[in-house]
């Protein structure tokens, strides 16, 4: 399991960043906008609710891109790099790597352009490219307003009910996971069974991807952390996909 999958079980990750600004540097707004536009133009939107007429949008971006892909790109980093880089630097690395892997640019082109900007700081202040397409703008705006839903009809009744005791499986998280590493092997109580089934953006090696129930679980903090680190009157909740759970 990669270190960045297990943050909830680690101590001493100082210094803690108490930055209150959402965007610290101007380029962070830009990378957020790029990611949002990629989601709004992703090729799966023609089949996920609500359906978009994505095939009619005149975009050269023809790939599948979601929050999950962005998260997977960050988790694929070397742990030392993951902790060294700022939040939007991880985004920038994941998105840049995706454009290389999908063939939109080459690694050589990316390296050359990066070297140019590092050598001439004035380039970063140059005007942005002009132009664009009103149809693309309309699609991005529509997506920002309506989004896309991971909820699907239940393929089968949920395995667990409210009040059941369950154990979190010790699954191999591989390259990408939605299961916090410090919960593996821990016992919890089901406090809510969410309505419907939830799909993940793409299949992962640890079992999510197809529509399945999701449960809200309550854990005892003393089962997760040292006594000196917890408030004795607190409880801890986490929403977990069904494939990660087994009956006690």
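Numbering (our numbering), first residue to last: 1 to 248.
Where is the CB? At the ideal position from N, CA and C, for every residue including glycine.
All values derive from a computational prediction rather than experimental measurement.
Span separating the alpha-carbon of residue i from that of residue j
i: residue 110; j: residue 136; result: 25 angstroms
i: residue 166; j: residue 76; result: 30 angstroms
i: residue 82; j: residue 4; result: 7 angstroms
i: residue 205; j: residue 192; result: 26 angstroms
i: residue 182; j: residue 64; result: 30 angstroms
i: residue 202; j: residue 208; result: 8 angstroms
i: residue 96; j: residue 48; result: 26 angstroms
i: residue 104; j: residue 176; result: 24 angstroms
i: residue 224; j: residue 238; result: 12 angstroms
i: residue 128; j: residue 30; result: 10 angstroms
i: residue 228; j: residue 171; result: 28 angstroms
i: residue 115; j: residue 130; result: 23 angstroms
i: residue 121; j: residue 24; result: 18 angstroms
i: residue 194; j: residue 56; result: 35 angstroms
Cβ-based neighbour list, residue i, same chain, cut-off 8 angstroms, excluding 5 preceding and 5 following
i: residue 50; result: 146, 148 and 149
i: residue 153; result: 196, 197 and 211
i: residue 54; result: 41, 42, 43, 45, 46 and 139
i: residue 62; result: 43
Spatially closest choice to residue i from the options, by CA coordinates
i: residue 143; options: 213, 33, 17 and 4; result: 33
i: residue 78; options: 66, 68, 94 and 63; result: 94
i: residue 184; options: 246, 86, 138 and 216; result: 246
i: residue 157; options: 114, 172 and 214; result: 214
i: residue 161; options: 222, 178, 175 and 189; result: 189
i: residue 236; options: 227, 178 and 219; result: 219
i: residue 248; options: 168, 233, 66 and 108; result: 168
i: residue 27; options: 187, 86 and 72; result: 86
i: residue 163; options: 187, 178 and 155; result: 187
i: residue 178; options: 60, 107 and 71; result: 71
Close Cβ partners of residue i (< 6 angstroms) along its chain, the five nearest in sequence each way excluded
i: residue 90; result: 74
i: residue 58; result: 133 and 135
i: residue 1; result: Because residue 1 sits at a pLDDT of 46, beneath the cut-off of 50, its placement in the model cannot be relied upon, and the point is left open.
i: residue 199; result: 150, 152 and 211
i: residue 221; result: 230, 234 and 236
Per-residue burial, residue i [other beta carbons within 10 Å of its own, 16 or more giving buried]
i: residue 46; result: exposed
i: residue 92; result: buried
i: residue 22; result: exposed
i: residue 217; result: buried
i: residue 88; result: buried
i: residue 66; result: buried
i: residue 52; result: buried
Distance cut-off 7 angstroms: residue i Cβ against heavy atoms of the ligand HEM
i: residue 223; result: The ligand HEM is not part of this structure, which contains no ligands at all.
Cβ neighbours of residue i in the same chain (closer than 7 angstroms, five flanking residues each side left out)
i: residue 243; result: 207, 208 and 212
i: residue 37; result: 140
i: residue 99; result: 105
i: residue 68; result: 200, 201 and 202
i: residue 155; result: 197 and 211
ask   = Where in the segment 144-201 do unbroken runs of the beta strand (DSSP E), each at least 3 residues long, occur, reported from the N-terminal end onward?
value = 165-168 and 187-193
Any alpha helix (DSSP H) of 4 or more consecutive residues that is wholly inside the segment 28-83 = Along the segment 28-83, the alpha helix (DSSP H) occurs as fully enclosed runs of 4 or more residues at 67-75, listed in sequence order.
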